[in-house]
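J.:
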Amino acid sequence: MEPGWVFRSDRATGKRLDGGRRVHAGHVCDGRRCGPGAGTVSRHARVTCGAVLSLLGWVAAADEWFTVRATDRPVTAEGSGVVIAQQVRNFGTPPTNTWRTTIVALAREGARIKTGDLLVRFDATNLDDRVRDLTGKLAVATGELAALDQTHAREREDEKVAVASARSRASKADRKAEQPEGLIAGMAYKKLVEEKRVLNVLWERAVRRAELAAALRDATSLEKRARVAQLEARLAMARSELDSFTVLAPVDGLVIIGTDMQGNKFDVGSGANPGLVVVQIADDRKLAVEAQFPEHAAAALRQGQTATIDADAAGGGRLAGEIHSVANTVRRQSRDSLAMVRDVTVVLRAATPAGFRLGTSVQLSVVLEELHGVLAVPASALAYRDGRPGVVRRSGGWAELRLGQRSADMWVVEAGLAAGEEIRL
1 MEPGWVFRSD RATGKRLDGG RRVHAGHVCD GRRCGPGAGT VSRHARVTCG AVLSLLGWVA
61 AADEWFTVRA TDRPVTAEGS GVVIAQQVRN FGTPPTNTWR TTIVALAREG ARIKTGDLLV
121 RFDATNLDDR VRDLTGKLAV ATGELAALDQ THAREREDEK VAVASARSRA SKADRKAEQP
181 EGLIAGMAYK KLVEEKRVLN VLWERAVRRA ELAAALRDAT SLEKRARVAQ LEARLAMARS
241 ELDSFTVLAP VDGLVIIGTD MQGNKFDVGS GANPGLVVVQ IADDRKLAVE AQFPEHAAAA
301 LRQGQTATID ADAAGGGRLA GEIHSVANTV RRQSRDSLAM VRDVTVVLRA ATPAGFRLGT
361 SVQLSVVLEE LHGVLAVPAS ALAYRDGRPG VVRRSGGWAE LRLGQRSADM WVVEAGLAAG
421 EEIRL
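Residue 258 in this note's numbering sits at position 258 of the sequence shown, and the numbers go up by one each step.
(1) Quick one: give me the first and last residue of the beta strand (DSSP E) that glutamine 150 is part of.
(2) Would you mind working out which of Val163, Glu290, Thr259 sits nearest valine 82, comparing C-alpha positions?
(3) Could you check where the alpha helix (DSSP H) with glutamate 422 kicks off and where it finishes?
(4) Give the range of the beta strand (DSSP E) segment to which glutamate 290 is assigned.
(5) By the 10 Å Cβ neighbour count, where 16 or more other Cβ atoms means buried, how is serine 380 classified, buried or exposed?
(6) Assign alanine 282 to one of two classes, buried (16 or more other C-beta atoms within 10 Å of its C-beta) or exposed (fewer than that).
(7) Locate the beta strand (DSSP E) running through leucine 106, then write down its first and last residues.
(8) Using the Cβ count rule (16 or more neighbours within 10 Å means buried), how would you classify serine 427?
(9) Under the DSSP definition of a beta bridge, which residues are partnered with aspartate 343?
(10) Where serine 240 and glutamate 109 are concerned, what is the direct C-alpha to C-alpha distance, given to the nearest angstrom?
(11) Write down the C-beta distance between valine 88 and glutamine 280 rounded to the nearest angstrom, noting that I regard them as a contact closer than 8 Å.
(12) Classify leucine 222 as buried or exposed, calling it buried when 16 or more other Cβ atoms lie within 10 Å of its own Cβ.
(13) Taking the straight line between their C-alpha atoms, what separation do you get for threonine 79 and threonine 329?
(14) Between the C-alpha atoms of leucine 358 and tryptophan 65, what's the straight-line distance to the nearest angstrom?
(15) For alanine 164, tell me which candidate among Ala206, Gly275, Leu134 has the shortest Cα-Cα distance.
(16) Exposed or buried, leucine 338, counting other C-beta atoms within 10 Å across all chains shown (16 or more means buried)?
(17) Would you list the one or two residues that DSSP bridges to serine 270?
(18) Within 10 angstroms of its Cβ, does glutamate 370 collect 16 or more other Cβ (buried), or is it exposed?
(19) With a floor of 3 residues, list each beta strand (DSSP E) that falls wholly inside the stretch 69-99, ordered by position along the chain.
(20) Would alanine 300 and leucine 403 be called neighbours here (beta carbons separated by less than 8 Å)?
(21) For glutamate 195, which option in Lys114, Ala166, Ala215, Arg217 has the closest C-alpha, if you only look at C-alpha atoms?
(22) Run through the DSSP bridge pairs and tell me what aspartate 310 is partnered with.
(23) Can you look up serine 221 in the DSSP assignment and give me helix, strand or coil?
(24) Quickly, what does DSSP pair methionine 410 with across the bridge? List them, please.
(25) How would you label glutamine 303, buried or exposed, when you count the other beta carbons within 10 angstroms and need 16 or more for buried?
(26) Taking the runs of the alpha helix (DSSP H) that are 4 residues or longer, which of them lie wholly in the stretch 233-263?
(27) In whole angstroms, what is the alpha-carbon distance linking arginine 69 and leucine 401?
(28) Just to confirm, are isoleucine 415 and arginine 73 a CB contact at a threshold of 8 Å?
(29) Between arginine 393 and the rest of its own chain, which residues show a CB-CB distance below 6 Å, the 5 nearest in sequence each way excluded?
(30) In chain order, what residues of the same chain have a beta carbon less than 8 Å from the beta carbon of leucine 138, not counting five sequence neighbours either side?
(31) Measuring only the C-alpha atoms, how far is leucine 348 from arginine 285?
(32) Nearest to glutamine 321 by CA position, among Ala327, Arg331, Ile309, is which residue?
(33) Please report the distance separating the alpha-carbon of glycine 387 from that of arginine 332.
(34) Would you report the Cα separation of leucine 287 and isoleucine 84, rounded to the nearest angstrom?
(35) If distances are taken between C-alpha atoms only, which option among Phe91, Met237, Phe122 comes closest to serine 270?
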């Protein structure tokens with residue numbers, strides 16, 4: 001080992017941390033005494049020291065430095081989101097008297113379905129029993145109505161014969177009584193007059209009885225027909241309700257399975273409550289981005305502004321979008337988060353690229369204004385001390401900064417740096 005002095009220093013500031021050690025050939029001096037007793041350097045120690053110095057030299061050489069220059073920087077609002085479909089149809093449980101309905105068949109998530117394909121079928125055992133019961137009752141009521149119609153038809157024919165017979169007898173008696181009184185003995189003539197009166201009364205009673213019987217038949221028939229109509233309506237409603245337990249796809253699209261109140265995906269055998277979305281059909285030909293922006297940044301967003309979408313799943317490229325809507329209300333980012341955000345919907349300005357699919361996570365950036373001739377440092381170069389932002393300068397160590405607005409992955413510097421200074425990344 002060559003004679004000399006070795007000092008420990010702060011890598012960031014360059015300041016010496018001790019008085020150093022003097023190195024002689026074959027041993028080290030610790031500043032108080034020198035000689036073999038002060039610590040003879042063995043071959044193993046020399047090898048270890050050389051490896052450590054090589055490693056430190058490699059780390060120092062690996063540092064990257066950024067030169068601060070005055071440039072024009074855009075002020076941006078940064079957000080994150082997921083890809084959604086602009087047109088989505090939701091399907092839940094059918095209206096029932098129960099709080100929980102079991103799923104017995106369900107389409108596969110992510111499958112492309114055609115119009116008329118099965119989406120979901122719910123358990124309708126009780127309703128199926130009800131349909132069978134109403135079908136049987138309707139068959140009985142319909143049979144009774146048919147038998148009643150036949151009975152009424154026979155009664156009408158019999159009454160027609162009875163009325164006609166009574167009218168015939170009354171007419172015959174009228175003709176006999178119309179003979180001159182002098183041609184017939186007194187007692188016989190009175191008998192003919194009385195017979196005429198009796199037979200005309202019987203005829204009138206037969207006519208009245210036929211009218212009353214017809215009214216009774218109409219009332220009985222109306223009751224039976226009302227019963228049949230009631231059963232038909234109940235059966236039609238039950239069948240319609242039974243059909244609602246089987247949901248078929250009204251359009252072509254992509255299947256998305258919903259989640260229960262615990263966030264678990266629905267599956268066959270799961271119970272679904274009213275109001276929950278069990279399955280969705282999404283039109284993945286028209287996609288958009290449902291984004292979340294911090295409350296302070298979203299205040300400057302307006303409909304029609306241009307948004308840049310970074311999608312790693314779409315080949316890492318950037319896509320141009322346009323803000324379609326900004327929510328009027330502020331909400332928490334999640335149930336356990338205190339961060340307040342606003343929902344923003346962004347639509348693509350060009351055709352959907354390959355790899356840009358439903359559920360893909362994306363990052364969004366919206367230019368709010370342009371700053372001219374400002375200093376900016378990368379966000380990765382910031383080093384915080386006691387909660388204060390700063391950077392490590394090549395010339396003078398750590399320096400505190402006063403930051404301004406954010407510009408993409410850069411922060412505008414209001415004070416603390418000068419143009420031309422180099423900072424460590």
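Just so you know, even glycine gets a beta-carbon here, dropped at the ideal spot from N, CA and C.
These numbers were taken from a predicted model, which means no experiment stands behind them.
T.: According to the structure shown:
(1) Taking the first residue of the sequence shown as position 1, residue 150 is located at position 150. Counting along the chain, glutamine 150 falls outside any beta strand (DSSP E), though it belongs to the alpha helix (DSSP H) covering 125-177.
(2) Here residue 82 refers to the residue found at position 82 of the sequence shown. Taking only the C-alpha atoms, the option nearest valine 82 is Glu290.
(3) In the sequence shown, counting from the first residue as 1, residue 422 sits at position 422. Per DSSP, glutamate 422 lies in no alpha helix (DSSP H); the unbroken beta strand (DSSP E) holding it starts and ends at 422-424.
(4) Counting from one through the sequence shown, the residue named residue 290 turns up at place 290. Counting along the chain, glutamate 290 sits inside the beta strand (DSSP E) bounded by residues 287-294.
(5) Counted from its first residue, the sequence shown places residue 380 at position 380. Exposed.
(6) If you number the sequence shown from 1, residue 282 lands on position 282. Buried is the call here.
(7) Residue numbering aside, residue 106 sits at position 106 when the sequence shown is read from its first letter. Leucine 106 -> beta strand (DSSP E) spans 101-106.
(8) A query on residue 427 cannot be resolved here, the shown segment of the chain reaching from 1 to 425 and no further.
(9) Translated into positions along the sequence shown, residue 343 becomes position 343. BP columns for aspartate 343 point to Gln292.
(10) Counting from one through the sequence shown, the residue named residue 240 turns up at place 240. Counting from one through the sequence shown, the residue named residue 109 turns up at place 109. So the alpha carbons of these two residues sit roughly 27 Å apart.
(11) Sequence index remark: in the sequence shown, residue 88 carries index 88 (1-based). Sequence index remark: in the sequence shown, residue 280 carries index 280 (1-based). That belief holds up - the Cβ atoms of valine 88 and glutamine 280 are roughly 5 Å apart, short of 8 Å.
(12) In the sequence shown, counting from the first residue as 1, residue 222 sits at position 222. That one is exposed.
(13) The residue you call residue 79 lines up with position 79 of the sequence shown. The residue you call residue 329 lines up with position 329 of the sequence shown. The sequence as given places glycine at residue 79; threonine does not occur at that position. Glycine 79 and threonine 329 have their C-alpha atoms spaced approximately 17 Å apart.
(14) One-based indexing of the sequence shown puts residue 358 at position 358. One-based indexing of the sequence shown puts residue 65 at position 65. Those two C-alpha atoms are separated by around 40 Å.
(15) Mapped onto the sequence shown, residue 164 falls at position 164. Answer by Cα proximity: Ala206.
(16) The residue you call residue 338 lines up with position 338 of the sequence shown. Exposed: under 16 other Cβ atoms inside 10 Å.
(17) Counted from its first residue, the sequence shown places residue 270 at position 270. Checking the DSSP bridge columns, you'll see serine 270 has no partner listed.
(18) Counting from 1 along the sequence shown, the entry for residue 370 is found at position 370. Classification of glutamate 370: exposed, given that the 10 Å Cβ count is below 16.
(19) Within the stretch 69-99, the complete beta strand (DSSP E) runs of at least 3 residues are 70-85, 88-91.
(20) As a first step, residue 300 is located in the sequence shown; it is residue number 300 there, counting from the start. As a first step, residue 403 is located in the sequence shown; it is residue number 403 there, counting from the start. It is not a contact, given that the beta carbons lie outside the stated cut-off.
(21) Counting from one through the sequence shown, the residue named residue 195 turns up at place 195. Shortest Cα-Cα distance from glutamate 195 to any of Lys114, Ala166, Ala215, Arg217 involves Ala166.
(22) Taking the sequence shown and counting its residues from 1, one reaches residue 310 at position 310. In DSSP, aspartate 310 forms a bridge with Arg318, Gln363.
(23) To locate residue 221, count along the sequence shown from 1; it is residue 221. Reduced to three states, the DSSP call for serine 221 is helix.
(24) Looking up residue 410 in the sequence shown gives position 410. Pro378, Ser407, per the DSSP bridge assignment.
(25) The residue you call residue 303 lines up with position 303 of the sequence shown. With a 10 Å radius around the Cβ and a threshold of 16 neighbouring Cβ atoms, glutamine 303 comes out exposed.
(26) Along the length of the stretch 233-263, whole alpha helix (DSSP H) runs at least 4 residues long do not occur.
(27) The sequence position of residue 69 within the sequence shown is 69, counting from 1. The sequence position of residue 401 within the sequence shown is 401, counting from 1. A straight line joining the alpha-carbon of arginine 69 with that of leucine 401 spans about 15 Å.
(28) For the purposes of this step, residue 415 is taken as residue 415 along the sequence shown, with counting starting at 1. For the purposes of this step, residue 73 is taken as residue 73 along the sequence shown, with counting starting at 1. Before going on, a small fix: residue 415 reads as alanine here, not isoleucine. The beta carbons of alanine 415 and arginine 73 sit no closer together than 8 Å.
(29) By one-based count along the sequence shown, residue 393 stands at place 393. The beta carbon of arginine 393 lies closer than 6 Å to those of Ala399, Glu421, Ile423 in the same chain, with the five residues before and after it left out.
(30) Within the sequence shown, numbered from 1, the residue matching residue 138 stands at position 138. Apart from the 5 residues on each side of it in sequence, leucine 138 sits with its Cβ closer than 8 Å to the Cβ of Val228, Leu231, Glu232, Leu235 in its chain, given in chain order.
(31) Translated into the one-based positions of the sequence shown, residue 348 becomes position 348. Translated into the one-based positions of the sequence shown, residue 285 becomes position 285. Cα to Cα, leucine 348 sits roughly 11 Å from arginine 285.
(32) Reading the sequence shown from its first residue, position 321 is the one you call residue 321. Before going further, note that residue 321 is glycine rather than glutamine in the sequence given. Glycine 321 has its Cα closest to that of Ile309, out of Ala327, Arg331, Ile309.
(33) As a working mapping, residue 387 is identified with position 387 in the sequence shown. As a working mapping, residue 332 is identified with position 332 in the sequence shown. Glycine 387 and arginine 332: Cα-Cα distance of roughly 25 Å.
(34) The residue labelled residue 287 in the question sits at position 287 within the sequence shown. The residue labelled residue 84 in the question sits at position 84 within the sequence shown. Rounded to the nearest angstrom, the two C-alpha atoms are 6 Å apart.
(35) For this step, residue 270 is matched to residue 270 along the sequence shown. Each of Phe91, Met237, Phe122 was checked against the Cα of serine 270, and the nearest Cα belongs to Phe122.
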